[in-house]
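> The numbering used here puts the sequence shown at residues 19 to 489. One structure is given below, represented as structure tokens, and several questions about it will come after.
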Amino acid sequence: MPSADSSRPKRWITVAIPLALLLISLDELVTPSHFPEERQRRVLEEGGDGGSNDAAAAQAAALTALDSALSVLDQAAAAQTPTADQQEHKNASSQQQLANTAEEVLTEAQEQATPEQGQPPQATSQQEAAGEQVQEQQASQQQEATSPQQSNTDSTSNRRDEPPPPPKQTREKYFGKIFPETNHVDMPFYLRNTFEPAPLREEDRDIIFFWHIPKTGGQLVKNVMGMCFGLRRAEKLKEPASLEMVHDVIVNVDTSSPEGIAEAHDLGLIDSNMVDFITSSFVLSASSLFTPQHRGRAFTILRHPIDAAASNFYTRKVKHPDLRGKYTLAQYAAKNYYIDNWVTRQLTGTLPHEELTQTQIDRAKNILAAKFFVGIYEHMDETMRQLKAFYKWKALPDQEYCVTDLIHGSNPKFQKTWRGKPARGSNDWAFVANVEKWDMELYYFGLEVFSKQGRIWDADEYSLVETGRGR
19 MPSADSSRPK RWITVAIPLA LLLISLDELV TPSHFPEERQ RRVLEEGGDG
69 GSNDAAAAQA AALTALDSAL SVLDQAAAAQ TPTADQQEHK NASSQQQLAN
119 TAEEVLTEAQ EQATPEQGQP PQATSQQEAA GEQVQEQQAS QQQEATSPQQ
169 SNTDSTSNRR DEPPPPPKQT REKYFGKIFP ETNHVDMPFY LRNTFEPAPL
219 REEDRDIIFF WHIPKTGGQL VKNVMGMCFG LRRAEKLKEP ASLEMVHDVI
269 VNVDTSSPEG IAEAHDLGLI DSNMVDFITS SFVLSASSLF TPQHRGRAFT
319 ILRHPIDAAA SNFYTRKVKH PDLRGKYTLA QYAAKNYYID NWVTRQLTGT
369 LPHEELTQTQ IDRAKNILAA KFFVGIYEHM DETMRQLKAF YKWKALPDQE
419 YCVTDLIHGS NPKFQKTWRG KPARGSNDWA FVANVEKWDM ELYYFGLEVF
469 SKQGRIWDAD EYSLVETGRG R
């Protein structure tokens, strides 16, 4: 005895053939080719008014017949649902009954939709839409009959245990608030051009802005600036925020978050003359803190994007133990919640869900070259030497070796570790490099800027260790 699955094609044919005949017949009945050319021409010349009532009645009858056909088609599709062997005989009887009903509907439709003599052709858009509806329903039912299992398999195999994608972030949440003096198109407006002369009056002095790109040794740089050169910075150590000096070199104001930057703006931090530099990862928002009287003179430190991504991934695994051993860096970078090309996005005001193009990377390069003195994480000694020369920093008494001690001795967090970075040239390395392709391009551009700076502030003339030879 054949199985229920083997008999399904034959049972489908018994229903499909009458329904196909029904559609073909209805299509032919409403086609203008059934009428003499003279009648078609006369109707067109008369504007289609003659016999309009009869035409409307015939059209309504045809649509009614089509509705009946759709109902039969729904029942036929429902009858095609696979059942157990004990239901096979019942299904066969039901399908034969549906086939007979379809033939009856076909006959009724032919009788109702046949135009009487003198009736104009009515191949209207409504009838065409009804025919399309039948075809769409047939296609939909066929797809539902064949694809549910495959669809469920695909949806669970690739996304199992994966958190849902984050909601689209708003501009203010991702970049911080841009204050009324500027806008994101003009940004960073109040940062002085890198090689523009400094103001002559002390009351108009520039404030240093350190744009801290995550995983580029930011804490080390802040320690060097404070401990070795005595530079005052803003950092909130207690509530509430205030212009109080809570440490020898720290003013109690936060500039590391959008909310803190807004507080710093309200407190008038920049014009207070209480800080020598501010640091923030929110480059556009923090840049808008500066004023015409106290402009920002900025620097940043770049790191190879794959190294930075590996370091960030390592930190996330430490904070979220469930990630340990679950993903490689390449697998993590392939997730839909991974934010790629962070540096380029922050510089150009491009949100994570927005596509980056050559336009954005060109703008990022222009901003970096014009507004930022560039350091390189992989060359921290040379970076600090150039920064010291550029900003004319003077070491505190008995702190001549402070910078080198912090870089190489007393800051173990800065020591380089492998931390799961893919091998250069491997497939994983190539994959992550492609994901971070815009930041890769910006990084190599930054290397060129860094090299040019080194030729301007020559090492023979400007030494990192003050021995009386440097300026």
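Every residue gets a Cβ at the ideal spot worked out from N, C-alpha and C, and that includes glycine.
Roughly how many angstroms lie between the CA atoms of A259 and N270, to the nearest whole one?
Rounded to whole angstroms, A259 to N270 spans 6 Å at the Cα level.
> Look at the alpha carbon of F228 and the alpha carbon of T234, and state the distance between them as a whole number of angstroms.
Between F228 and T234, the C-alpha separation is close to 12 Å.
> With a Cβ-Cβ cutoff of 7 Å, do L209 and A316 count as a contact?
yes
> How would you label R473, buried or exposed, when you count the other beta carbons within 10 angstroms and need 16 or more for buried?
exposed
> Taking the alpha-carbon of F213 as reference, which of G367, G194, Y409, S305 has the nearest alpha-carbon?
Y409
> Measuring CA to CA, which of P440, W411, S481, A387 is closest to F468?
Shortest Cα-Cα distance from F468 to any of P440, W411, S481, A387 involves A387.
> Hey, is the segment 322-334 in contact with the segment 286-305, meaning 3+ C-beta pairs nearer than 8 Å?
No, the segment 322-334 is not in contact with the segment 286-305.
> To the nearest angstrom, report how far apart G367 and K383 are at their CA atoms.
14 Å
> Would you list the residues sitting across from V269 in a DSSP beta bridge?
Answer is A252, M263, bridged to V269.
> Run through DSSP, which three-state label would I324 get?
If DSSP states are grouped into helix, strand and coil, I324 belongs with the helices.
> So W456 is in the alpha helix (DSSP H); what residue range does that whole segment cover?
455-474
> Give the C-beta separation of A351 and F449 to the nearest angstrom, bearing in mind that I take them to be a contact with Cβ-Cβ under 8 Å.
7 Å
> How would you write the range of the beta strand (DSSP E) that I226 sits in, first residue to last?
225-229
> Measure the beta-carbon distance from G361 to D457 and round it to whole angstroms, keeping in mind my assumption that it falls under 8 Å.
The sequence shown places Val at residue 361, rather than the Gly named in the question. About 5 Å; that satisfies the 8 Å criterion.
> Distance, Cα to Cα, P440 vs I288?
43 Å
> Which same chain residues end up closer than 6 Å to H230 when comparing Cβ atoms and leaving out the 5 residues on each side of it in sequence?
G236, T297, S299
> Is there at least one Cβ from chain C nearer than 7 Å to L369's Cβ?
No chain C is present in this structure, which holds just one protein chain.
> Exposed or buried, what is Y461 when buried is set at 16 or more other beta-carbons lying within 10 Å of its beta-carbon?
buried
> Nearest CA to the CA of F8: which residue from I385, R334, T273, N359?
Here the chain covers residues 19 to 489 and nothing more, so residue 8 does not appear.
> Using C-beta distances below 7 Å, list every residue in its chain close to K256, excluding the 5 sequence neighbours before and after it, in chain order.
Counting only Cβ-Cβ distances below 7 Å, and skipping sequence neighbours, we find V264, N270.
> Which residues mark the beginning and the end of the alpha helix (DSSP H) in which G236 is found?
236-241
> Roughly how many whole angstroms lie between the Cα atoms of Y192 and D358?
14 Å
> If I measure Cβ to Cβ from E253 and keep anything under 6 Å in the same chain, skipping five residues before and after, which residues do I get?
I268
> Whole angstroms is fine: what's the gap from D284's alpha carbon to I379's?
33 Å
> Compare the C-alpha of T504 against each of R189, E221, V242, P232 and name the closest.
With the chain represented from 19 up to 489, any question about residue 504 goes unanswered, as that position is not in the structure.
> Please list the terminal residues of the continuous alpha helix (DSSP H) segment that includes V301.
301-305
> Compute the distance between the beta-carbons of L341 and M402, then report whether it is under 7 Å.
no
> Which residue or residues does DSSP assign as beta-bridge partners of L386?
L386 is not bridged to any residue.
> Give me, in chain order, the residues of the same chain whose beta-carbon lies closer than 7 Å to that of Y395; leave out the 5 immediate sequence neighbours on both sides.
T234, G235, I319, L320, R321
> Helix, strand or coil: how does DSSP classify E180 here?
Confidence in E180 is poor, its pLDDT being 49 and thus under 50, which makes the residue's placement unreliable; the coordinate value appears in the next sentence. In the structure shown, E180 sits in coil (DSSP, three-state: anything other than H, G, I, E or B).
> In terms of residues, what are the limits of the alpha helix (DSSP H) holding F193?
Run containing F193: 189-193, per the alpha helix (DSSP H) assignment.
> Between the C-alpha atoms of Q311 and R442, what's the straight-line distance to the nearest angstrom?
48 Å
> Using CA coordinates, which residue listed in L238, V239, E373, W475 is at the minimum distance from A7?
With the chain covering 19 to 489 only, the question about residue 7 has no answer from this structure.
> Is the beta carbon of G314 closer than 7 Å to that of I385?
no
> DSSP beta-bridge partners for F317?
Under DSSP, F317 takes part in a beta bridge, and its partners are F228, F391.
> Determine, using beta carbons only, whether Q471 and C246 come nearer to each other than 7 Å.
With a cutoff of 7 Å on beta-carbon distance, Q471 and C246 are scored as not near each other.
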